[in-house]
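If you're matching positions, the sequence shown starts at 1 in full-length UniProt numbering and goes up one per residue. Just below is one structure, and these are the notes that go with it.
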Amino acid sequence: MDGTKESDLVTAVLMYAIRCLAEGDQSALRNMNLGPREIEALREMNLADLYRIESLRAHCLDIGLNREVYWPMFEHLRRQRESEELQQQLIVADAPLEMMQTLFGLGSREYTRLRRLLTVDPSVGRPAEPDEASSNQLWGVWVQRVGDQRDGPLSPNEYLAIHRETGIPLRGIWNLTQRWNQYGDLSGRCNTHVSEWACSDG
1 MDGTKESDLV TAVLMYAIRC LAEGDQSALR NMNLGPREIE ALREMNLADL YRIESLRAHC
61 LDIGLNREVY WPMFEHLRRQ RESEELQQQL IVADAPLEMM QTLFGLGSRE YTRLRRLLTV
121 DPSVGRPAEP DEASSNQLWG VWVQRVGDQR DGPLSPNEYL AIHRETGIPL RGIWNLTQRW
181 NQYGDLSGRC NTHVSEWACS DG
């Protein structure tokens, strides 16, 4: 027998209540307006009773929406969804593990799983450095975006924007900008610790 939408709702709530009962969560049971008699009836339920609920076409529940909880919950879900989508875009653009660890706290196992899921070829050996023209372009774009920002990485969206503007894989962008962030002179002048091709004026 196919369950009705009403029976699905009742089953889900009763399963939640049974779990609260098993875990001794009396506060949750009280919030559901379950008193001693209702709790005793829950104790007597068995698996067959849950199957019998499938025939119900009405429910015994008083459903209400708590907007103070509802909207923060959906905002949290939205932020998580956007973060996961951004992580996938970065990995497709060849973001290295170090970058994903720094920006998102992503572990190596999850990083590898995402690369496989997104069918990104595994990186083998040392990544090739961008050529001189690409490096000069990257230097100019990076200095412009960093501005007066203190030491530290840019936001994930900014790295993605740099990748799209320059066409350089994120692995190369991360490696060079981390090096420049440590040794470079963000005023645009050459620094003895930065190779000549990193300077905007050559």
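The beta-carbon is built from N, C-alpha and C at its ideal position, and this holds for glycine as well. Since we're looking at a predicted model, the values are computed, not measured.
Measure the beta-carbon distance from residue i to residue j and round it to whole angstroms, keeping in mind my assumption that it falls under 8 Å.
i, j, result
"Ser4", "Leu56", "Note on identity: in this sequence residue 4 is Thr, with Ser being the wrong assignment. With a Cβ gap of about 6 Å, Thr4 and Leu56 count as contacting."
"Pro156", "Leu103", "5 Å"
"Arg130", "Leu160", "Looking at the sequence provided, one finds Pro at residue 130 rather than Arg. No, Pro130 and Leu160 are not in contact; Cβ-Cβ is about 17 Å, not under 8 Å."
So, with DSSP's three-state summary, where would you put residue i?
i, result
"Asn191", "Residue placement at Asn191 is flagged as unreliable, the pLDDT there being 43, under the threshold of 50; a coordinate-derived value is accordingly withheld."
"Ser155", "coil"
"Pro96", "coil"
"Glu68", "helix"
"Cys20", "helix"
"Arg57", "coil"
"Gly107", "coil"
"Leu34", "coil"
"Glu129", "coil"
"Asp140", "The sequence shown places Gly at residue 140, rather than the Asp named in the question. Helix."
Just to confirm, is the Cβ distance from residue i to residue j under 7 Å?
i, j, result
"Leu21", "Leu42", "yes"
"Arg145", "Glu158", "yes"
"Ser7", "Glu44", "no"
"His59", "Leu9", "yes"
"Ser83", "Leu97", "no"
To the nearest angstrom, how far is it from the Cα of residue i to the Cα of residue j?
i, j, result
"Asn31", "Val13", "13 Å"
"Thr11", "Glu38", "15 Å"
"Gly64", "Gly105", "37 Å"
"Met73", "Arg79", "10 Å"
"Lys162", "Trp142", "First, the amino acid is wrong: residue 162 is Ile here, not Lys. Distance between the alpha carbons of Ile162 and Trp142 is about 7 Å."
"Trp174", "His76", "29 Å"
"Trp71", "Ser134", "45 Å"
Enumerate in chain order the residues of its own chain whose CB-to-CB distance from residue i is below 6 Å, with the five nearest sequence positions on each side excluded.
i, result
"Gln137", "Thr166"
"Ile95", "Note on residue identity: the sequence assigns Ala, not Ile, to residue 95. Result list for Ala95: Leu170, in chain order."
"Pro111", "Note that residue 111 corresponds to Tyr in the displayed sequence, not to Pro. Around Tyr111: Leu97 and Met100."
For residue i, collect the residues of the same chain with a Cβ closer than 7 Å to its Cβ; drop the 5 residues on either side in sequence, then sort them by chain order.
i, result
"Leu118", "Gln88, Ile91 and Val92"
"Met15", "none"
"Pro153", "Thr102 and Leu103"
CB-CB under 8 Å to residue i, same chain, minus the five flanking residues each way: which ones, in chain order?
i, result
"Leu29", "Ala17, Cys20, Leu21 and Ile39"
"Leu50", "Thr11, Leu14 and Met15"
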